[in-house]
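**Student:** Handing you this structure, nothing more for now.
Protein chains: 2
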Amino acid sequence: MMEKKEQVGKKEAVYKAAIEVIAREGFHDATIDKIAAAAGVAVGTIYNYFQNKDDILNFIFQTEYEKRKNYYLEIQKKDRHPLVKLKLILSMHFAEVKENPDVYRILLRERCMPRICHFEGITRFEGLPRFIEEILADGIKKEKIRSCNLQIVSAAIFGAIEALMSRHLVELEEKGHSKVLDNASEEIVNLLWCGLSREKR
Amino acid sequence: MMEKKEQVGKKEAVYKAAIEVIAREGFHDATIDKIAAAAGVAVGTIYNYFQNKDDILNFIFQTEYEKRKNYYLEIQKKDRHPLVKLKLILSMHFAEVKENPDVYRILLRERCMPRICHFEGITRFEGLPRFIEEILADGIKKEKIRSCNLQIVSAAIFGAIEALMSRHLVELEEKGHSKVLDNASEEIVNLLWCGLSREKR
DNA sequence: ACAATAAGAGTGAGCGTTCATTCAAATATA
DNA sequence: TATATTTGAATGAACGCTCACTCTTATTGT
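So the sequences go chain by chain: U and L.
Be aware that the first sequence starts at 10, since it is given in the working numbering, and climbs by one per residue.
Be aware that the second sequence starts at 10, since it is given in the working numbering, and climbs by one per residue.
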């Protein structure tokens, strides 16, 4: 009647199929043929929605980055103790990885692709620790936490988050289930608050 | 008739060339031709010392894993405070990444290859947090540090180490120099000991 | 002379990408 | 309403290129 024809969620279908296949086989072994088959679509069709194979991965990273960024921003502007904010970030990530393991398999595995210029989406992702840095900075300014080296501590926290999610996914693959993340956010926040010292406070 | 095989350090030459090329281009784009050229050797020669391309990467991981494992074991059996041991581990890694950035570019980037069965060397590497776990367990038993979830805390610490090294390498590539690791081990050990609380102890 | 090792052009499989063709729905025509 | 024409999404066989790996020949060492 008007507009284009029916592309009823074809891109969506390709997107979901790509996540499934790339998560299972890795980006390198995830051929266009496999993704097309999983999406129930012809090879050529994929190229109606994506420029090339790299573009698919980039799109995944972009999309998922936006989600996280928005959540980070929301948390950031709350008026809470910095460690409460950090706990929200931890819980968000841990809930997401439980709900969407495939996505995180990709984010964590393919994040370190070499090609410099391509994959803008990946480099964006590397900016997430920046949000943590700002939360810490704000907390120091408001004298809620002690002063520290922001770059180092924020990188360490983000690294810890990633490592725990990786650990969770490995356990999931090896044993079919995982309790790694069950108390992880409490444990980490507690560690960040009082450290490992035995003295009571 | 001197030895069973090998002429003067051909395997060593290939090994070093492989590290250089893989670090620069990533494993996928590091072709055998390039490695052979960098080693000043013919393609066929490489196959006298390595079964296939994967075997080269595996060998790198194996070799480098052994180095770290031995160092971890040495530290582990010292009679020191657990956080002193941890600091030694941090310092060792940070010194190594400064001295041998190419090796760590590979260890950190290619560590998350998908192929399950292959790359035994990589899965070995994933065992390193275990040593941290044991150091912590020992420290708790001897009442040097408070009790905590070993799996979570050790994974977090190892993740923090990796993240800081990655950060260092990125800065190095972007700006040509990096001070990220200059005070990193002190900062992290301090964080592990007293956390971010403002209260004095 | 005889292994042992090096050499590197050749080979074939795999895969990303293209493009001529198809065909059902949308629109125009009568 | 019935029929002709246009449109462009979908298709998938074919293409071309990139490697990992092989194999025959050359070189080196004893």
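Beta carbons: idealized from backbone N, C-alpha and C, even for Gly.
Just so you know, these numbers come straight off a predicted model, no measurement behind them.
Give a yes or no on whether the minimum CB-CB distance between R139/L and chain U is below 8 angstroms.
**Tutor:** Taking Cβ atoms only, chain U never reaches closer than 8 angstroms to R139/L, which makes this a no.
**Student:** In the structure shown, what three-state DSSP assignment does G204/U receive?
**Tutor:** Reduced to three states, the DSSP call for G204/U is coil.
**Student:** Report the three-state DSSP secondary structure of D64/U (helix, strand or coil).
**Tutor:** Of the three classes helix, strand and coil, the one that applies to D64/U here is helix, per DSSP.
**Student:** Chain L partners of H37/U, CB-CB under 7 angstroms?
**Tutor:** Result: H37.
**Student:** Let's test the definition: count the other Cβ atoms within 10 Å of the Cβ of V52/L and tell me whether it reaches 16, buried, or not, exposed.
**Tutor:** It counts as exposed.
**Student:** Counting only Cβ pairs nearer than 8 angstroms, list the residues of chain U close to L200/L.
**Tutor:** In chain order: C157, V162, A165, L201 and G204.
**Student:** Taking only beta carbons into account, state which residues of the stretch 59 to 84 of chain U come closer than 9 angstroms to chain L, listed in chain order.
**Tutor:** Flagged: no residues at all.
**Student:** What's the gap between the Cα of R155/U and the Cα of T72/U?
**Tutor:** Computed Cα separation, rounded: 35 angstroms.
**Student:** Note down, in chain order, each residue of its chain lying with its Cβ closer than 7 angstroms to the Cβ of I125/U, except the 5 sequence neighbours on either side.
**Tutor:** Residue placement at I125/U cannot be trusted, given a pLDDT of 48 that sits under 50; the coordinates are not used to answer.
**Student:** In angstroms, rounded to a whole number, what distance separates the CA positions of G35/L and R114/L?
**Tutor:** Their Cα atoms are separated by approximately 9 angstroms.
**Student:** What residues from chain U crowd round E196/L, counting only those whose CB sits closer than 9 angstroms?
**Tutor:** In chain order: C157, N158, I161, V162 and A165.
**Student:** Take K76/L as the anchor and find which of Q60/L, N109/L and R207/L has the nearest alpha-carbon.
**Tutor:** Among Q60/L, N109/L and R207/L, the Cα nearest to that of K76/L belongs to N109/L.
**Student:** With 8 angstroms as the limit, tell me which residues of the stretch 175 to 195 of chain U have their beta carbon closer than that to any beta carbon of chain L; keep them in chain order.
**Tutor:** For the stretch 175 to 195 of chain U, which is checked against every Cβ of chain L, the residues closer than 8 angstroms are S175, R176, V179, V189, N192 and A193.
**Student:** First and last residue of the alpha helix (DSSP H) that includes M101/U?
**Tutor:** That run of the alpha helix (DSSP H) goes P91 to E108.
**Student:** Under 8 angstroms, Cβ to Cβ, is there at least one residue of chain U near R207/L?
**Tutor:** Yes, R207/L counts as interfacial toward chain U.
**Student:** Below 9 angstroms on C-beta distance, what does E268/L contact in chain U?
**Tutor:** Nothing can be reported for residue 268/L, as the shown portion of chain L is limited to 10 through 210.
**Student:** Given that a residue counts as buried once 16 or more other Cβ atoms are within 10 Å of its Cβ, and exposed if not, what is R207/U?
**Tutor:** With fewer than 16 Cβ atoms within 10 Å of its Cβ, R207/U is classed as exposed.
**Student:** Hey, could you find the ends of the alpha helix (DSSP H) V23/L is sitting in?
**Tutor:** Note, V23/L: alpha helix (DSSP H), K19 to D38.
**Student:** What does I44/L reach in chain U if we use C-beta pairs closer than 9 angstroms?
**Tutor:** By Cβ distance, chain U contributes nothing, its closest Cβ being about 15 angstroms from I44/L, past 9 angstroms.
**Student:** Distance cutoff 8 angstroms, beta carbons only. Does I154/U sit that close to anything in chain L?
**Tutor:** True, the Cβ-Cβ gap to chain L drops below 8 angstroms.
**Student:** Across the stretch 54 to 73 of chain L and the stretch 23 to 35 of chain L, are there enough close Cβ pairs to call them in contact, namely three or more that are closer than 8 angstroms?
**Tutor:** Yes, they touch.
**Student:** Pair every Cβ in the stretch 169 to 180 of chain L with every Cβ in the stretch 165 to 174 of chain U, then say whether three or more of these pairs are closer than 8 angstroms.
**Tutor:** Segments in contact, yes.
**Student:** Nearest-angstrom Cα distance between S194/U and L92/U?
**Tutor:** Distance between the alpha carbons of S194/U and L92/U: 11 angstroms.
**Student:** Sorted by chain position, which residues of the same chain lie with C-beta nearer than 7 angstroms to S187/L's C-beta, five sequence neighbours on each side aside?
**Tutor:** H177, E180 and L181.
**Student:** Count the other CB atoms, across all protein chains shown, that sit within 10 Å of the CB of K151/L; report buried if there are 16 or more and exposed otherwise.
**Tutor:** Classification for K151/L: exposed.
**Student:** Thinking C-alpha only, which one of K153/U, M174/U and K184/U is nearest M101/U?
**Tutor:** Selected option, being the one with the closest Cα: M174/U.
**Student:** Which residues bound the alpha helix (DSSP H) around N57/L?
**Tutor:** From DSSP, the alpha helix (DSSP H) with N57/L extends over V52 to Y58.
**Student:** On the criterion of 16 or more Cβ atoms from any shown chain inside 10 Å, does N158/U qualify as buried, or is it exposed?
**Tutor:** Result: buried.
**Student:** Tell me which residue opens and which closes the alpha helix (DSSP H) that E152/U is part of.
**Tutor:** First-last for E152/U: undefined, no H or E at that position.
**Student:** Indicate whether at least one CB of chain U lies closer than 8 angstroms to the CB of C126/L.
**Tutor:** Any reading at C126/L needs caution, since the residue's pLDDT is 46, under 50, leaving its predicted position unreliable; the model's value is listed next. Taking Cβ atoms only, chain U never reaches closer than 8 angstroms to C126/L, which makes this a no.
**Student:** Looking at the structure shown, is E135/L part of a helix, part of a strand, or coil, going by DSSP?
**Tutor:** Coil, per DSSP.
**Student:** Which of the three DSSP states, helix, strand or coil, is assigned to N199/L?
**Tutor:** Residue state, collapsed to three classes: helix.
**Student:** For K188/L, does the three-state DSSP call read helix, strand or coil?
**Tutor:** Correct three-state label for K188/L: coil.
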